[in-house]
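For reference, each letter of the sequence shown is one residue, going 1 to 248 in this note's numbering. Where a beta carbon is used, it is the ideal one built from N, C-alpha and C, also for glycine.
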Amino acid sequence: MSAEVVLQTCGLAKSFGGLTVFAGLDLSVERGERHALIGPNGAGKSTLVALVSGLLAPSAGRVLLDGRDISRSTPQQRVKAGLVRSFQINSLFASLSPLESLLLALCQRDGLARPSLRALPKLAPQIDESQTLLARFGLGAVALTPTRQLPYGQQRLLEVALAYALRPQVLLLDEPAAGLSTAQGHALFEQLATLTAGTTVLFIEHDMAIVFRYAQRVSVLAGGALLAQGSPDEIRSHPAVRKAYLGH
Numbered sequence: 001m002s003a004e005v006v007l008q009t010c011g012l013a014k015s016f017g018g019l020t021v022f023a024g025l026d027l028s029v030e031r032g033e034r035h036a037l038i039g040p041n042g043a044g045k046s047t048l049v050a051l052v053s054g055l056l057a058p059s060a061g062r063v064l065l066d067g068r069d070i071s072r073s074t075p076q077q078r079v080k081a082g083l084v085r086s087f088q089i090n091s092l093f094a095s096l097s098p099l100e101s102l103l104l105a106l107c108q109r110d111g112l113a114r115p116s117l118r119a120l121p122k123l124a125p126q127i128d129e130s131q132t133l134l135a136r137f138g139l140g141a142v143a144l145t146p147t148r149q150l151p152y153g154q155q156r157l158l159e160v161a162l163a164y165a166l167r168p169q170v171l172l173l174d175e176p177a178a179g180l181s182t183a184q185g186h187a188l189f190e191q192l193a194t195l196t197a198g199t200t201v202l203f204i205e206h207d208m209a210i211v212f213r214y215a216q217r218v219s220v221l222a223g224g225a226l227l228a229q230g231s232p233d234e235i236r237s238h239p240a241v242r243k244a245y246l247g248h
């Protein structure tokens, strides 16, 4: 495996009873890139992300992170190894404000006990980082609003901020722009485009304007197989992709 590949599936297969979703999928994601996963409805995109994140077990094949086989690792073990899926955190903090949610996530990341008022003076670095992340993702104005009261779009932004706060090697995002306005969606991806060098983002997205503007590489799934993988320009002009997915 190339040293530049951070995430890889080898012969990955998944069946549900008599339904085969994949039967030997080989996919590679390079370190530090924004990699879009696209395909028609039912192509298996969300199933693939669930297999990579550990929410589903493969029927066969392997998932490699930095060359290490994590196929049998739990989702929690994968998070510790640097593979984070955005939605894993969001629902846990519905009664807390975004600031409180981020502070808890950062304390967990840094191995600190649940913060108390007495301990707050010692948590200045985590508080500062929480405020920086909220501003970065456009949530500064609602920092103290309970998460459950936020509009869906802002909850999606918080979800991404919480995942990014764990400093993952690979950040998995399943339709991060869903529920966002066009402007919010582009603003989110503008932020993703400025993440720390070395942070790899693998995202599912149906908005081709976002895919072709922000992805550096694109993988196309169709019929349970990898139809094509390449740069946005290569995918846009690929005859099989145009016929099977782009519709022209």
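Asked                                                                                                       : Found
Under the three-state DSSP convention, the category ARG148 falls into                                       : helix
The segment 201–217 contacting the segment 23–35, beta-carbon criterion three pairs below 8 Å               : yes
CA-to-CA distance, LYS122 to PRO58, given in whole angstroms                                                : 43 Å
Of the residues PHE137, GLY17, LEU112 and LYS14, the one placed nearest LEU192, counting alpha carbons only : PHE137
Sequence-distant residues of its chain with Cβ nearer than 7 Å to ASN90 (five each side left out)           : In this prediction, ASN90 has a pLDDT of 47, which is less than 50 and means its spatial position is unreliable; what the coordinates show is noted afterwards. These residues qualify, in order along the chain: GLN155, LEU158, GLU159 and LEU162.
Backbone secondary structure at ASP207 - three-state DSSP                                                   : coil
Whole-number beta carbon distance between LEU27 and ARG47, since they are thought to touch under 8 Å        : For clarity, residue 47 is Thr in the given sequence; the question names Arg instead. Contact doesn't hold; Cβ gap of about 13 Å is too wide.
Residue range of the alpha helix (DSSP H) that includes ALA183                                              : 182–192
Bridge partners - ASP174, DSSP secondary structure assignment                                               : ILE204
Straight-line Cα distance separating ARG31 from ARG68                                                       : 14 Å
Sufficient close CB pairs (3 or more, under 8 Å) joining the segment 128–148 to the segment 95–111          : yes
DSSP state of ASP137 mapped onto helix, strand, coil                                                        : Checking the sequence shown, residue 137 turns out to be Phe, not Asp. In the structure shown, PHE137 sits in coil (DSSP, three-state: anything other than H, G, I, E or B).
Per DSSP, the bridge partner or partners of GLN229                                                          : SER219
Spatial distance of GLN88 from GLN169 (CA atoms)                                                            : Confidence is the limiting factor: at GLN88 the pLDDT is only 43, short of 50, which leaves the residue's position unreliable, though a coordinate-based value still follows. Rounded to whole angstroms, GLN88 to GLN169 spans 16 Å at the Cα level.
Cα-Cα separation between ARG242 and ALA228, rounded to whole angstroms                                      : 11 Å
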